[in-house]
Ligand code: NAD
Ligand code: ZN
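In this note's numbering, the protein residues as written are 14 to 262.
Structure follows, in structure tokens:
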């Protein structure tokens, strides 16, 4: 126990000193806001099969079914509120300043709603659609007025969710910015991601290889766990409170 306390103190110290901090978050950070994860207990995957919904093939086959699922998730995201873990990352960004980057795999928009500004949404967002014909991106109307599928305000064609599906490439520019931040980070923090979806999963490894101090927060072990200097086996709120919250007496 004293060993863990010492490690947490070291991580706190490094976070307080670092001028370059990169954070990667996944679905687990929004679990305390009531949004189900894909994997793990209570995950979305237990009720829905992702390969039937979150792929280009699924959308081509049954766009209405896929849109119904996204409209449901969009409504849930709008009704949810950012939790303490999102807020602690806002405070970290303010403390670190320009050398901070938050990279999220989440599509729920909760980091921005909490107040994070230096954010890369690597997998897009539930709050927007993208025209299938001309590529125009546009915000969805509020859930109560939203009837899927949406149509492009510019050309009238059908639009798809503005998210990255399985089998699709990440937006190259966004990934490059994320990669650079992890490469340059003195401290890298990976929170609530199963770390199995590439290439986002490899950002922690990139940082570690480049000499960063790597901290993971996840109630379960992940492929990143053996590489982490400190792996806190707990929820995001509890873990970030330990690392960033008011020092326990
Ligand atoms: P994932 O569902 O694969 O894994 C979730 C991880 O969170 C697991 O490792 C689990 O152990 C951990 N976890 C569960 N409860 C936690 C808690 N309270 N605190 C901290 N960690 C907790 O999620 P992922 O790795 O982000 O998977 C990637 C894909 O899932 C992305 O494409 C993302 O868009 C999508 N996704 C996003 C949301 C969202 O935006 N809220 C929700 C579900 C899935
Ligand atoms: Zn269009």
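Don't be surprised by glycine CBs; every beta carbon is placed ideally from N, CA and C.
Query, Result
"7 Å Cβ shell around residue 258 - same chain, five flanking residues per side excluded", "101"
"Proximity test, residue 152 beta-carbon vs ligand 2 heavy atom, cut-off 8 Å", "no"
"Best match in 234, 177, 131, 143 for proximity to residue 162 [C-alpha to C-alpha]", "143"
"CA nearest to the CA of residue 241, picked from 43, 16, 203", "203"
"Residue 208 burial status per 10 Å Cβ neighbour count (16 or more: buried)", "buried"
"Three-state secondary structure assigned by DSSP to residue 174", "strand"
"Distance, residue 26 Cα to residue 165 Cα", "49 Å"
"For residue 144, the first and last residue of its enclosing alpha helix (DSSP H)", "Note, residue 144: premise wrong, no alpha helix (DSSP H); beta strand (DSSP E) at 137 to 144."
"Short Cβ contact (9 Å threshold) for residue 103 with residue 127", "yes"
"9 Å Cβ cutoff met for residue 38 and residue 44", "no"
"Simplified DSSP state of residue 159, which is helix, strand or coil", "coil"
"Reduced DSSP category for residue 195 - H, G, I as helix; E, B as strand; rest coil", "helix"
"N-terminal and C-terminal residue of the beta strand (DSSP E) that residue 229 is part of", "226 to 230"
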